[in-house]
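K.L.:
Numbered according to the working numbering, the sequence shown spans residues 2 to 331. Built from N, CA and C at the ideal position, the CB exists for glycine as well. Being a predicted model, the structure only gives us computed values, none of them experimental.
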Amino acid sequence: MTPPPPVEPAPDPLPDDVPGLLPDPAGTAASSDATEPVPPARVPAGRSLRPGEGALVLAATPIGDAEDASGRLRRLLAEADVVAAEDTRRTRALAARLGVTVTGRVVSHHEHNESGRSDELLGVVAQGGTVLVVTDAGMPTVSDPGFRVVQAAVAAGLPVTVAPGPSAVLAALALSGLPTDRFCFEGFLPRRAGDRARALAALASERRTMVLFEAPHRVAEALDALVAAFGADRPAAVARELTKTYEEVRRGPLEELAAWAHAGEVRGEVVIVVGGAPADGPRDVADLVPEVLARVDGGERLKTVVAEVAEATGVPKRDLYAAALASRTP
C-alpha cells in the first residue's frame, strides 16, 4: 500500500529539548500541558511498523537505571510521529539522558485525560502514523495509563504492538525467592482499612504468589493488614528502589517484615511479594479466626463472614462462630 502524502504538522507548543531537566524523584511535578491537541500524522519512509500502516506502540521505560532502556525504545523515541507520555517533562528528561532527540510531537497522556485523548491518538494511527505510549516507569497499562487507548484501538481494528522491557512486577517476583511458576498481580491495595481487609480476605486462600504495589508511607499498615489476613508466618518479600542505587529486598515472614517497616521510614518505590496459601489450605478453626476478624473489622457482619469462610474451608460453622466470639471477648 502506498503511504499517504506527508501532512505538515502544526507548531509544537512544547520545546523539542529541555537541557538539564531531570525527573522529579518525589513525583511532585505536574504533567505539562494536559490539553494540547494531537497533530496530524507525518509519515516519512520507515516510520510505521509496516509500509503505509500506522501503529500504536506500548513501550516499557526504565524503572530506575537508564541503562535498562532498550535500543528499540531509543529508536521509537527518536522516530515516532507522536509520543504520548504520562508526564511530558519526565519523558523529555529520559530522552536527554539517553542521548535521543525526539523528532515527533510529545503530548500528555495520563489518568485524567486518557479517555478524551484516545480518539485523537488513534486518529494519528488511522492516518498511517506511529504513536508511542510511554509512562514514567515500567510498562504502560500495568497500574499506569494505556489500557483505555489499547482497548479503543482493538475495538477499532487498529494495529497495536509492544516494545517490552523493564517491569517492577517481574523484577520483584524474580528477586523475592518465592515460587514464580504461578503468580498474580493485584496492583495497589485499597487505601481504606475496611476495603483493604475485604480485598485481602478474598485472597486469603489464593495459592499463587501475589505481587502488590504500595506507597512507601503505607507499607507498614499494609503489612499489618497482610498479617491479619494471611497469618504472621506467611513468607513474603518487600522490594524497594529496584535497579536504583539503594535497591533493597527484605525477605521473611510477614510479621517480621511488618516489624521492620514500623522500625523506620520506608522510602522509594515499593513492591510487596507474598507467598500463596499452602496447598492444603487452612482447615483448623483457630487458623481461620484472624481472617474472620479482619473482615468483621472491615465492616462485614460476623454471621455472614463465618458462613462464607466455613463453606469455603469445610470447617463447622458453629465451631468457627464460637471461636471468633471467644477471640473478641476481653
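Use the C-beta contact count for Thr102: other C-beta atoms within 10 angstroms, 16 or more gives buried, fewer gives exposed.
P.N.:
Exposed, because fewer than 16 other Cβ atoms sit within 10 Å of the Cβ of Thr102.
K.L.:
May I ask you to report which of helix, strand or coil DSSP gives Glu54?
P.N.:
In this structure, Glu54 counts as strand in the three-state DSSP scheme.
K.L.:
Buried or exposed for Ala81, going by 16 or more other Cβ atoms inside 10 Å?
P.N.:
With 16 or more other Cβ atoms within 10 Å, it is buried.
K.L.:
In its own chain, which residues sit with a C-beta less than 6 Å from the C-beta of Ala67, not counting the 5 before and 5 after it?
P.N.:
The residues are Arg98.
K.L.:
Are there three or more Cβ pairs, one per stretch, closer than 8 Å when the stretch 291 to 308 is compared with the stretch 215 to 231?
P.N.:
The answer is yes - the stretch 215 to 231 touches the stretch 291 to 308, with three or more Cβ pairs under 8 Å.
K.L.:
For Val155, count neighbouring C-beta atoms within 10 Å of its own C-beta (all shown protein chains included) and say buried if the count is 16 or more, exposed if not.
P.N.:
That one is exposed.
K.L.:
Starting from Pro236, follow its DSSP beta bridges and name the residues at the other end.
P.N.:
Partner(s): Pro254.
K.L.:
Compare the beta carbon distance of Arg199 and Gly277 with 8 Å and say whether it is the shorter of the two.
P.N.:
Contact flag unset, no.
K.L.:
Provide the residue span of the beta strand (DSSP E) that contains Ala86, from first to last.
P.N.:
Run containing Ala86: 83 to 86, per the beta strand (DSSP E) assignment.
K.L.:
Use the C-beta contact count for Gly117: other C-beta atoms within 10 angstroms, 16 or more gives buried, fewer gives exposed.
P.N.:
Burial call: exposed.
K.L.:
What residue range is occupied by the uninterrupted alpha helix (DSSP H) comprising Leu77?
P.N.:
Here the alpha helix (DSSP H) through Leu77 covers 72 to 80.
K.L.:
For Leu133, list the residues DSSP reports as bridge partners.
P.N.:
Note: Leu133 sits in a beta bridge opposite Val58, Val84.
K.L.:
Can you give me the C-alpha to C-alpha distance between Ala237 and Ala205, rounded to a whole angstrom?
P.N.:
Spanning the two alpha carbons is a distance of roughly 14 Å.
K.L.:
For Tyr247 and Thr305, what's the separation of their Cα atoms in angstroms?
P.N.:
Looking at the two C-alpha atoms, the distance is approximately 46 Å.
K.L.:
What first and last residue would you give for the alpha helix (DSSP H) that runs through Leu243?
P.N.:
Run containing Leu243: none; DSSP gives neither H nor E here.
K.L.:
If you scan the stretch 97 to 164 from start to end, which runs of the beta strand (DSSP E) of 3 or more residues do you find wholly inside it?
P.N.:
The stretch 97 to 164 contains these whole beta strand (DSSP E) runs: 106 to 109, 131 to 135, 161 to 164.
K.L.:
Nearest by alpha-carbon distance to Arg251: which of Val84, Val274, Leu59 is it?
P.N.:
Minimum Cα distance to Arg251 is reached at Val274.
K.L.:
Provide the residue(s) that pair with Gly65 in DSSP beta bridges, ordered along the chain.
P.N.:
For Gly65, which the question treats as bridged, DSSP gives no partner whatsoever.
K.L.:
Taking 8 Å as the cut-off, does the stretch 115 to 135 touch the stretch 83 to 90 (at least 3 CB pairs, one atom from each stretch)?
P.N.:
In short, these stretches touch, since the Cβ pair count reaches three.
K.L.:
Should Arg98 be counted as a contact of the ligand PLP given a C-beta to heavy atom distance under 7 Å?
P.N.:
This structure simply doesn't include the ligand PLP, nor any ligand for that matter.
K.L.:
Quick check: the Cα distance between Ala259 and Val220, rounded to an integer number of angstroms?
P.N.:
C-alpha separation (whole angstroms): 8 Å.
K.L.:
With DSSP as the reference, label Glu187 as helix, strand or coil.
P.N.:
In this structure, Glu187 counts as strand in the three-state DSSP scheme.
K.L.:
From Arg149, Thr142, Asp137, Pro141, pick the residue whose C-alpha is nearest to that of Glu121; which is it?
P.N.:
Closest by alpha carbon: Arg149.
K.L.:
Taking the alpha-carbon positions, what's the Leu78 to Leu95 distance?
P.N.:
Going from the Cα of Leu78 to the Cα of Leu95 covers about 10 Å.
K.L.:
Between which two residues does the beta strand (DSSP E) holding Val272 run?
P.N.:
Start and end: 271 to 275.
K.L.:
In angstroms, rounded to a whole number, what distance separates the CA positions of Pro41 and Pro141?
P.N.:
The pLDDT assigned to Pro41 is 49, lower than 50, so where the model puts this residue is not dependable; a value taken from the coordinates is nonetheless given after this. If I take the Cα positions, the gap works out to 23 Å.
K.L.:
Quick check: Pro217 and Gly269, are their CB atoms within less than 8 Å of each other?
P.N.:
Yes, these two residues count as a Cβ contact at 8 Å.
K.L.:
Alpha carbon to alpha carbon, how far is Arg106 from Glu54? Give it in angstroms, no decimals.
P.N.:
Glu54 and Arg106: Cα-Cα distance of roughly 19 Å.
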